[in-house]
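Numbers 1 to 141, taken from full-length UniProt numbering, label the letters of the sequence shown in order.
The beta-carbon is built from N, C-alpha and C at its ideal position, and this holds for glycine as well.
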Amino acid sequence: MWGRWGWAIIAVRGAGALCEVLLMRLLIAAALLSVGFANLPAMAAPQEKVHGCTFDTISEEDRSRFQSRYKRRLRLHGAEVADTWLHEQACMTAEERRAARPEKPVLDKDGNPCTKTRLEMRVSPGFDGAMTMSPVPVCDD
1 MWGRWGWAII AVRGAGALCE VLLMRLLIAA ALLSVGFANL PAMAAPQEKV
51 HGCTFDTISE EDRSRFQSRY KRRLRLHGAE VADTWLHEQA CMTAEERRAA
101 RPEKPVLDKD GNPCTKTRLE MRVSPGFDGA MTMSPVPVCD D
């Protein structure tokens with residue numbers, strides 16, 4: 001109940017110090033919850049209602065794959081958020097996902113957007129230790 005160091009705090013400083021420690025923990029938890037720390041940005045309320053894609057209309061394979069995560073979102077955040085998440089995960093095509101993802105502008109050394117860009121091949125490490133080349137956009141100003 002008091003954690004690992006509860007008895008040590010009582011022995012050294014007295015019971016009042018333990019109460020102060022527990023009260024401080026509660027205040028920190030309340031402060032974090034009051035500023036919305038517990039709400040994830042990905043779980044924000046959706047802007048529009050998604051039609052045509054529900055948990056009942058997806059394939060049996062997708063249903064078994066997404067069931068636990070869908071039900072958790074349904075329980076914690078409601079049907080609208082759960083259906084939006086399901087649409088993003090199971091119903092969107094690759095083109096729709098690419099269009100929904102915002103493009104990051106290429107920035108120069110000062111942090112300003114570049115007017116001209118080019119692709120430069122850079123070395124990146126692979127999982128097995130081999131190095132691979134991958135194209136990276138860079139400023140060409």
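Tell me whether residue i is buried or exposed, calling it buried when 16 or more other Cβ atoms sit within 10 Å of its Cβ.
{"i": "Asp-83", "result": "buried"}
{"i": "Leu-86", "result": "buried"}
{"i": "Arg-98", "result": "exposed"}
{"i": "Ile-58", "result": "buried"}
{"i": "Pro-41", "result": "Here the model assigns Pro-41 a pLDDT of 49, short of 50, so the residue's position is not dependable, and the following value carries that caveat. Exposed, since its Cβ has fewer than 16 Cβ neighbours within 10 Å."}
{"i": "Phe-127", "result": "exposed"}
{"i": "Leu-23", "result": "exposed"}
{"i": "Gly-129", "result": "exposed"}
Taking the Cβ atom as the reference point for each residue, do residue i and residue j lie within a distance shorter than 7 Å?
{"i": "Ala-90", "j": "Phe-66", "result": "yes"}
{"i": "Pro-125", "j": "Met-131", "result": "yes"}
{"i": "Pro-137", "j": "Thr-117", "result": "yes"}
{"i": "Arg-73", "j": "Val-81", "result": "yes"}
Since residue i contacts residue j with CB under 8 Å, what's their CB separation in whole angstroms?
{"i": "Leu-107", "j": "Pro-113", "result": "6 Å"}
With distance defined between alpha-carbon atoms, name the residue in the options nearest to residue i.
{"i": "Gly-52", "options": "Glu-88, Leu-22, Lys-71", "result": "Glu-88"}
{"i": "Pro-105", "options": "Thr-93, Cys-139, Leu-26, Glu-61", "result": "Cys-139"}
{"i": "Asp-141", "options": "Met-92, Lys-109, Arg-122, Met-121", "result": "Lys-109"}
Query - Start-end ranges of the alpha helix (DSSP H) lying completely within the stretch 57-101, minimum 4 residues - result: 60-77, 79-86, 94-100
Requested in this report: With a floor of 3 residues, list each beta strand (DSSP E) that falls wholly inside the stretch 106-137, ordered by position along the chain.
Outcome: 117-125
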